[in-house]
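Position one of the sequence shown corresponds to residue 1 (the UniProt record's numbering), numbered consecutively onward.
Idealized CB from N, CA, C, for every residue including glycine.
Report on the following structure.
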Amino acid sequence: MLAEDSVLLREGLVWVLGSAGVEVVAAVSDAEGLLRAVDDHEPDLVVTDVRMPPTHTDEGLRAALLLRHRRPKLPILVLSQYVEERYATRLLSTVTTGIGYLLKDRVADVAEFLDSLRRVAAGGTALDPEVVAQLLVRRHSDPLDLLTRREHEVLALIAEGRSNAGIAEALVVSESAVGKHINNIFAKLGLSGAEKDHRRVLAVLRFLKI
1 MLAEDSVLLR EGLVWVLGSA GVEVVAAVSD AEGLLRAVDD HEPDLVVTDV RMPPTHTDEG
61 LRAALLLRHR RPKLPILVLS QYVEERYATR LLSTVTTGIG YLLKDRVADV AEFLDSLRRV
121 AAGGTALDPE VVAQLLVRRH SDPLDLLTRR EHEVLALIAE GRSNAGIAEA LVVSESAVGK
181 HINNIFAKLG LSGAEKDHRR VLAVLRFLKI
């Protein structure tokens, strides 16, 4: 399910997704159309712009938040023209499984965009690196200060939604090394008792202070 008011971008996304074997059950231009279409089609994933008619402020985001309230397990990927810290924070304050927030520039890298799309659809997260960096600018001293530089790098990549294999590739280290760093992160943040997947979500929330 796709919601984007720009005709060119909307049709471009429909073509890109179709070429990759992803069925777009509906493509709409405003938030009201998005809400109606989700009820009609019950999609596996929603991709929506933040700013849509009539005010072009946060209609798309508000629709995404409403959909998450109505359907907590519905994966949603939000696209934004710029880094909107307050919007990212509002979105990530909801249930954090199956959530993505990417800048529209990322769509140009089709392979990366499709990877993010599939990750969110599978219940993971996909956060734009620039969004993560923006959210971290104002973070101050807390238990995160116990983390080493490498552990901070690993946690930042977890926040982007990377798998252990993806983190290993990005940092040019072994997956076993990544696993050790992640275990250290969990221990330092006091998350050793939580379930494995749940710990990743909690660690990201601590990291972004949401």
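Does the Cβ-Cβ distance between residue i and residue j come in under 8 Å?
{"i": "A111", "j": "Y101", "result": "no"}
{"i": "V46", "j": "I76", "result": "yes"}
{"i": "V201", "j": "V131", "result": "no"}
{"i": "R68", "j": "D58", "result": "no"}
{"i": "N183", "j": "E151", "result": "no"}
{"i": "L146", "j": "K180", "result": "no"}
{"i": "A20", "j": "L114", "result": "yes"}
Round the Cβ separation of residue i and residue j to the nearest angstrom and send it over; I've been treating them as touching at under 8 Å.
{"i": "T48", "j": "A64", "result": "6 Å"}
{"i": "L208", "j": "A159", "result": "6 Å"}
{"i": "V24", "j": "V14", "result": "5 Å"}
{"i": "V78", "j": "L61", "result": "6 Å"}
{"i": "residue 211", "j": "G161", "result": "With the chain running from 1 to 210 in the structure shown, residue 211 is simply not present."}
{"i": "P53", "j": "D30", "result": "5 Å"}
{"i": "E175", "j": "A165", "result": "6 Å"}
Does DSSP classify residue i as helix, strand or coil?
{"i": "L191", "result": "coil"}
{"i": "L127", "result": "strand"}
{"i": "G166", "result": "helix"}
{"i": "H140", "result": "Unreliable placement is indicated for H140, whose pLDDT of 49 sits below 50; no coordinate value is reported for it."}
{"i": "A122", "result": "coil"}
{"i": "G179", "result": "helix"}
{"i": "E153", "result": "helix"}
{"i": "L208", "result": "helix"}
{"i": "L147", "result": "coil"}
{"i": "V173", "result": "coil"}
For residue i, which of the options has the nearest alpha-carbon?
{"i": "A203", "options": "T125, D30, L66 and P54", "result": "T125"}
{"i": "K104", "options": "D115, L9, L2 and L147", "result": "L9"}
{"i": "L155", "options": "R206, A37 and E4", "result": "R206"}
{"i": "E42", "options": "A170, L144, R71 and L189", "result": "R71"}
{"i": "L35", "options": "L157, V120, V22 and L2", "result": "L2"}
{"i": "I99", "options": "L127, D115 and F113", "result": "L127"}
{"i": "L144", "options": "D5, G190 and V172", "result": "G190"}
{"i": "A122", "options": "S93, D44 and P129", "result": "D44"}
{"i": "E4", "options": "D109, R90 and Q81", "result": "Q81"}
{"i": "H198", "options": "R149, L114, T97 and A170", "result": "T97"}
{"i": "D186", "options": "G21, V16 and T148", "result": "In the sequence as displayed, the identity of residue 186 is Phe instead of Asp. Taking only the C-alpha atoms, the option nearest F186 is T148."}
{"i": "P129", "options": "E85, G18 and T55", "result": "E85"}
{"i": "E32", "options": "V16, T55, I167 and G18", "result": "T55"}
{"i": "L17", "options": "V173, S116, L171 and L157", "result": "S116"}
Can we count residue i as close to the ligand COA, meaning its CB is less than 7 Å from some heavy atom?
{"i": "A63", "result": "This structure does not include the ligand COA; it has no bound ligands of any sort."}
Please give me, in chain order, every unbroken run of the alpha helix (DSSP H) with length at least 4 that falls completely inside the UniProt domain "Response regulatory" (1 to 119).
Whole alpha helix (DSSP H) segments, 4+ residues: 7 to 19, 31 to 41, 59 to 70 and 85 to 92.
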